[in-house]
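Asks: There's a structure below that I have some questions on.
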């Protein structure tokens with residue numbers, strides 16, 4: 001199959017998916033849109049604050065800062081202002097693990113909602129979906145047509 005291109009006009013962004021190599025690239029005005037060079041990415045990563053993982057600390061979630069709160073609830077929740085963890089079974093040493101579990105489950109739900117729509121737009125199929133904790137990759141598609149996303 002030939003690569004699939006989506007574009008309204010030469011001046012608009014175009015998404016190019018190569019089905020043979022399972023790669024996705026983006027072009028704007030015939031020049032590739034490149035990600036910042038590694039040195040710049042490292043600068044951004046160095047600005048990430050050290051976390052104590054304590055109640056009342058703020059954490060980013062989908063573009064907004066939310067305050068971590070421990071409450072007497074039966075399950076974890078995320079509201080417009082707070083990340084609420086059920087205080088039963090959560091101590092200060094496991095807050096990080098509980099947050100990771102919550103964020104990964106929310107990411108998986110989001111990816112499962114969006115993946116079928118994008119697969120249809122790109123006229124491709126996939127077999128499975130996994131959410132991983134990767135240091136350098138946002139997402140990939142394996143030769144077995146499994147989608148791997150970084151939460």
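In UniProt numbering, the protein residues as written are 1 to 151.
Backbone N, C-alpha and C fix where the C-beta goes; we use that ideal spot for every residue, glycine too.
Quick caveat: nothing in here was measured; it's all calculated off a predicted structure.
(1) On a Cα-Cα basis, can you pick out the residue from 143, 87 and 103 that is closest to residue 72?
(2) Could you have a look at residue 56 and say whether DSSP puts it in helix, strand or coil?
(3) Between residue 127 and residue 144, is the Cβ-Cβ spacing less than 8 Å?
(4) Here's the rule: buried if 16 or more other CB atoms are within 10 angstroms of the residue's CB, otherwise exposed. What is residue 114?
(5) Which class does residue 123 belong to by DSSP, given the choice of helix, strand or coil?
(6) How would you label residue 131, buried or exposed, when you count the other beta carbons within 10 angstroms and need 16 or more for buried?
(7) Note the first and the last residue of the continuous beta strand (DSSP E) segment covering residue 140.
(8) Which residues bound the beta strand (DSSP E) around residue 132?
(9) With H, G and I counted as helix, E and B as strand and the rest as coil, what does DSSP make of residue 36?
(10) Do residue 95 and residue 53 come within 8 Å of each other at the CB atom, strictly closer than that value?
(11) On the three-state DSSP scale, how would you describe residue 88?
(12) With a 10 Å radius around its C-beta and 16 neighbouring C-beta atoms as the bar for buried, classify residue 98 as buried or exposed.
Replies: So, from the listed chains and residues:
(1) 87
(2) coil
(3) Cβ distance < 8 Å, so residue 127 and residue 144 count as in contact.
(4) exposed
(5) Residue state, collapsed to three classes: coil.
(6) So residue 131 ends up on the buried side.
(7) 139-141
(8) Residue 132: member of the beta strand (DSSP E) spanning 128-132, first to last residue.
(9) Any answer about residue 36 is weak, because its pLDDT of 49 lies below 50 and its placement is not dependable; what the coordinates show is given next. DSSP places residue 36 in coil when its eight states are reduced to three.
(10) yes
(11) coil
(12) With 16 or more Cβ atoms within 10 Å of its Cβ, residue 98 is classed as buried.
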